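Protein chains: 2
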Amino acid sequence: MKTIELEDDLYRYIASQTKDIGESASDILRRLLDVSANVSADLTNVEESQPHAVDTNSETKQTVTKSPVVVEEEPTPVSAPIVVETAVEVVSHSTLPASIAKLIKNKKFKETTVSVTKFIQILSVLYAENPKEFDSATDIKGRKRIYFAKSESELLSAGSTTKPRHIENTPYWVITNTNTGRKRNIITQLMAEMGYTHALIDAVSQSI
Amino acid sequence: MKTIELEDDLYRYIASQTKDIGESASDILRRLLDVSANVSADLTNVEESQPHAVDTNSETKQTVTKSPVVVEEEPTPVSAPIVVETAVEVVSHSTLPASIAKLIKNKKFKETTVSVTKFIQILSVLYAENPKEFDSATDIKGRKRIYFAKSESELLSAGSTTKPRHIENTPYWVITNTNTGRKRNIITQLMAEMGYTHALIDAVSQSI
DNA sequence: GACGAGATCGGTGGGATTGTTG
DNA sequence: ACCAACAATCCCACCGATCTCG
């Protein structure tokens, strides 16, 4: 066995070409490159685990902060009205404000109890505000999963049950199978990389 | 960067497809698979500059071209973001600065809190700066462990739980299971043997 | 691949701390 | 016995995704 390095996007592309569950990198590449296998054994290493440790779960810490940004609450019509679909609620058509500062003050937004919905909306607005910065900040990722991608399949292939969701009015998809604490983390990391101020970042994270 | 394992013959086949001297595995595979590089390359300028994304109406221009991956867009009632295809693309190698002096001033680098990450990056750049000197300096070692080797297994066999890591864009692997102090030591010893000035060595060690 | 959301808890990686050696 | 240098155990914070609950 030999080891080679691949840039992340290339790796994801290759992974996404998996046809059979459990295929190795070699299997996939052989198919793509049309190179037939030689007849020899290939072993797969199994990782062993460590005894576990104490669990301190601090992913969800609540600190109430006031948003430092003073903005008008008036919802500004954005070019594209977005459709919020919920099984429970009645809200169907809403218009997202043009800036996050406004979004998090928006009445409809604040009334939402479903954090995934807020999560997606925040991302949508962040993209609208600055597509380029958003673009380059989407490389944030967890230990195994990637958080953003331009296709559902890319996210699916980097983890199991990631529950990808499309971000409205955006070429991006996000992972959704996370607790609220992690959703806040993702927003925090993303905004930090996009260059937002600490204060605004806090306010937005808090709003989920 | 991601690492994958390939069966030997497949590896040899891919290596044999090298067209330009010094091509990386990614370069070769991109050509063979017809996957273009994404332009992102976050070569964050050393001398600062993160636009504070407060202002909105900036142009929405998409420049990232994607691989053959199918992007499934959800039908939106209104005009979806337009993806402009670009032919231009160059960057494919590492996004690290070319010299340690720059590396330790780099914003992204300084923001990193994980010392292992910085450790690896420093080594990667040191190698890039002077592979030959680096080469001959890698013989430094501890009482039982060796610190550098060209393969993971070599390091594993010279100690228990050494947590070897591959140094990007380099044929080397390093030991990682050390406290920060020792990481500094290793850098210090290495750079000393490579002939760097005391001042620079200090600055770099300090930066971890 | 079809119920969705997300808290809970098992897993893992970082590296300070503690044990070991000359 | 003590000290400095080194090794690697082990605790903690972070991350993933299963599983509970509405």
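Keeping their order, the protein sequence lines are chains A and B.
So the first sequence is numbered by my numbering: it starts at 21 and just counts up by one.
So the second sequence is numbered by my numbering: it starts at 21 and just counts up by one.
Every residue gets a Cβ at the ideal spot worked out from N, C-alpha and C, and that includes glycine.
Here the structure is a predicted model, which is why all the values come from computation and not from measurement.
Exposure of residue 32 of chain B is indicated by the presence of fewer than 16 other C-beta atoms within 10 angstroms of its C-beta. For residue 224 of chain A, there are no C-beta contacts with chain B under 8 Å, since the nearest C-beta of that chain is about 12 Å from it.
Between residue 163 of chain A and chain B, the shortest Cβ-Cβ separation is not below 8 Å. Within 7 Å of the CB of residue 33 of chain B, the CB atoms of chain A belong to 55, in sequence order along the chain.
Residue 38 of chain A sits close to residue 48 of chain A, with the two beta carbons spaced by under 8 Å. By the Cβ-count criterion, residue 198 of chain A is buried, with 16 or more other Cβ atoms from all chains shown falling within 10 Å of its own Cβ. Proximity of chain A to residue 45 of chain B at the Cβ level (cut-off 7 Å) is accounted for by 24, 25, 26, in chain order. By the CB criterion at 8 Å, residue 153 of chain B and residue 214 of chain B fall inside the cutoff. Per DSSP, residue 153 of chain A is one residue of the alpha helix (DSSP H) stretching across 151 to 157.
Cβ atoms of residue 208 of chain B and residue 225 of chain B come within 8 Å of each other, at about 5 Å. Annotated as proximal: residue 167 of chain A and residue 206 of chain A, with beta-carbon spacing under 8 Å. Membership of residue 200 of chain B in the alpha helix (DSSP H) is indicated by the continuous run 200 to 214. The three-state reading of DSSP puts residue 185 of chain B in strand, counting E and B together. Assignment of residue 23 of chain A by DSSP, reduced to helix, strand and coil, places it in the strand class. According to the DSSP secondary-structure assignment, residue 169 of chain A is paired through a beta bridge with A:193. In the DSSP assignment, residue 127 of chain A is bridged to no other residue.
The beta carbon of residue 51 of chain B sits no closer than 8 Å to any beta carbon of chain A.
Excluding its 5 nearest sequence neighbours in each direction, residue 165 of chain A has C-beta neighbours in its own chain below 8 Å: 175, 178, 179, 182, 195, listed in chain order.
Residue 174 of chain B is outside the set of residues whose beta carbon lies under 8 Å from a beta carbon in chain A.
In chain B, no part has a C-beta under 8 Å from the C-beta of residue 123 of chain A; the shortest such distance is about 12 Å. Inclusion of residue 124 of chain A and residue 223 of chain A in the CB contact set at 8 Å is warranted, their separation being smaller than that value.
A residue is called buried once 16 or more other Cβ atoms fall within 10 Å of its Cβ, and residue 119 of chain A is buried on that count. Around the beta carbon of residue 170 of chain B, a 10 Å sphere encloses fewer than 16 other beta carbons of the protein chains shown; the residue is thus reported as exposed. By the criterion of a C-beta distance shorter than 7 Å, residue 187 of chain B is surrounded in its chain by 140, 143, 144, 147, 193, 194, once the five residues flanking it on both sides are discounted. In the three-state reduction of the DSSP assignment, residue 161 of chain B falls in the strand class, which pools E and B. In this structure, DSSP gives residue 118 of chain A a state outside helix and strand, which the three-state scheme calls coil. Residues of chain A with a Cβ closer than 8 Å to the Cβ of residue 188 of chain B are, in chain order, 25. For residue 30 of chain A, the chain B residues whose Cβ falls inside 7 Å of its Cβ are 46, 49, 50, 55, in order along the chain. Only buried fits residue 29 of chain A, as 16 or more other CB atoms lie within 10 angstroms of its CB.
Between the alpha carbons of residue 56 of chain A and residue 117 of chain B lies a distance of about 40 Å. By the Cβ neighbour-count rule, residue 46 of chain A is buried, with 16 or more other Cβ atoms within 10 Å of its own. Our two residues, residue 161 of chain B and residue 203 of chain B, have alpha carbons roughly 12 Å apart in a direct line.
Taking every protein chain shown into account, the CB of residue 127 of chain B has fewer than 16 other CB atoms within 10 angstroms, so this residue is exposed. In terms of Cα proximity to residue 216 of chain B, the closest of B:35, B:34, B:150 is B:150.
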